[in-house]
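Listed in order, the protein sequences are those of chains E and F.
Everything in the first sequence is counted per the numbering used here, starting at 1 for the first residue and increasing by one.
Everything in the second sequence is counted per the numbering used here, starting at 1001 for the first residue and increasing by one.
Where is the CB? At the ideal position from N, CA and C, for every residue including glycine.
All values derive from a computational prediction rather than experimental measurement.
The block underneath contains the structure these notes are about, expressed in structure tokens.
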Amino acid sequence: MASLGSAAVPPVGPDDHVRGEGEEGLIVYADLGCPLCAGAWQRLRDRAGWLVFRHFPVASKHPRSPALHAAAEAAGWQGRFFEMVDSLYADRGRVDDPHLWERVEQLGLDLDRFEADRRSAEVEARVRRDFESGIRAGVTSTPGVYPWVR
Amino acid sequence: MIEVGEQAPDFTLRNQDGEKVSLADYKGRKVLLVFYPGDFSPVCGDQLSIYQEVKPEIAEKGVELVGISVDSFFAHKAFQEKIGIDTTLLSDFEPKGEVARAYGSYFEKLGFAHRTLVLVDEEGKVAWTYQSPSDDQIPGANVIFDALS
């Protein structure tokens, strides 16, 4: 088990989910089941600079969150991570499996691959990695936002 | 604030199900007492939710989490269900705040406990304490793991 003791926010790595460009940006620890995150997301995504999305599902509070983070990560494995995140935050009332499949179709993803990926240990571990880095950094509520300069 | 090395004051309080729980029940095990201001406040909900997410890792360190506030056990039950946690919540309700006072955590002016963490070791002695600089500031779970490392 990785230590969950204090550590700085990890620098942006090659497999982080990054949107936008520029010198300055934000690292955001966000929960896809969190209404506050959904509200903040609309503002964050439209601002100048780059944005890093890190998974921070709080399952006790938002039981559907782990499945949504897995879905976003699986969509990312087919190159449509942020499109899935945008869609999940934009339509929070439709996040059951059939609604995910509709999104998969709309985004032109391979459904069989999506289904296998979102249930895979690799996706679970990738989401957990972000979550644990947030815990080590002291994230206590979402969204947890950290300014970052490249 | 109670000091590290002191004997932790024993208490008997009711949990969210109305059952009596004593500190002495935890003898031979480590227990982390999480004093918090009150059920249903957004900050307290976030604190207990985050701790719930890493409860298995805390348990791996041989530590059990117990929340304590001045709310009634009925409120604790509703709060527990609302935020989806199974952490034991103890009711420091009558005499109000008596246990928080014994641990030096009670905020007389507002009538609730400060946001205080107290680790009690297997022998019932205080092994570590932490109090937030302000009651709207949540001690991250990382702070707990630092103490347990």
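Any C-beta of chain F sitting closer than 8 Å to the C-beta of residue 136 (chain E)? yes
Residue 1097 (chain F) versus F:1121, F:1083, F:1069, F:1089, residue with shortest Cα-Cα distance: F:1069
Residues that DSSP places opposite residue 1142 (chain F) in a beta bridge: None, per the DSSP bridge assignment.
Strictly below 8 Å CB to CB, what residues from chain F border residue 63 (chain E)? 1084
Three-pair Cβ contact test at 8 Å for the segment 57-64 of chain E versus the segment 1030-1038 of chain F: no
Which of the residues in the segment 1052-1068 of chain F, read from start to end, lie with their CB under 7 Å from any CB of chain E? Listed in sequence order: 1052, 1053, 1054, 1057, 1060.
Of the residues that make up the segment 1122-1142 of chain F, which ones have a beta carbon closer than 9 Å to any beta carbon in chain E? 1137, 1138, 1139, 1140, 1141, 1142
Residue 1149 (chain F): contacting residues in chain E (beta-carbon distance under 8 Å): 3, 5
Burial state of residue 1071 (chain F) (16 or more Cβ within 10 Å): buried
How would you write the range of the alpha helix (DSSP H) that residue 77 (chain E) sits in, first residue to last? It is not in any alpha helix (DSSP H) - residue 77 (chain E) carries neither H nor E in the DSSP assignment.
I want to see whether chain F comes within less than 8 Å of residue 67 (chain E), judged by CB atoms only; does it? no
Are any of the Cβ atoms in chain F nearer than 8 Å to that of residue 59 (chain E)? yes
Could you give the DSSP three-state label for residue 1 (chain E): helix, strand or coil? Legend: pLDDT at residue 1 (chain E) = 49, less than 50; position of this residue unreliable, no value from coordinates given.
According to DSSP, simplified to helix, strand and coil, what is residue 1047 (chain F)? In the structure shown, residue 1047 (chain F) sits in a helix (DSSP, three-state: H, G or I).
Cross-chain neighbours of residue 1039 (chain F) in chain E, by beta carbon under 7 Å: Correct list: empty, because the minimum Cβ distance to chain E is about 15 Å.
Using a beta-carbon distance below 8 Å, is residue 95 (chain E) in contact with chain F? So, not an interface residue.
Give a yes or no on whether the C-beta atoms belonging to residue 44 (chain E) and residue 148 (chain E) are separated by under 8 Å. no
Cβ-based neighbour list, residue 1121 (chain F), same chain, cut-off 8 Å, excluding 5 preceding and 5 following: 1030, 1127
Under 8 Å, CB to CB, which of the residues in the segment 114-147 of chain E have a partner in chain F? 131, 135, 136, 137, 138, 139, 140, 141
Where residue 147 (chain E) sits in the DSSP three-state scheme: Assigned with DSSP and collapsed to three states, residue 147 (chain E) falls in strand.
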